[in-house]
């Protein structure tokens, strides 16, 4: 479905370990992607594809051990990703 594919695309956009990927991760977080992914998880609990792809997207956006990456992890937790 649309939600699953949207999560997959977001995951793919935010994947990578170069400087450009880090910038894309931050742009996604700044645009509200973390909260949107949590809403997708909550709204599609019975859809395994959405659950899987949203988790991958969260993983990619929260990647990085630099201060911005740690802040994105906290932002995800604050959005309810650990609930």
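Residue numbers (the numbering used here): 16 to 98. Cβ atoms here follow ideal geometry from the backbone N, Cα and C, with glycine treated the same way.
Secondary structure at residue i, three-state DSSP: helix, strand or coil?
i          : result
residue 98 : coil
residue 40 : helix
residue 58 : helix
residue 26 : helix
residue 33 : coil
residue 84 : helix
residue 46 : coil
Note the first and the last residue of the continuous alpha helix (DSSP H) segment covering residue i.
i          : result
residue 75 : 63–76
Only counting the same chain, and skipping five residues up and downstream in sequence, which positions put a Cβ closer than 6 Å to that of residue i?
i          : result
residue 70 : none
residue 52 : 69, 72, 73
residue 40 : 29, 76
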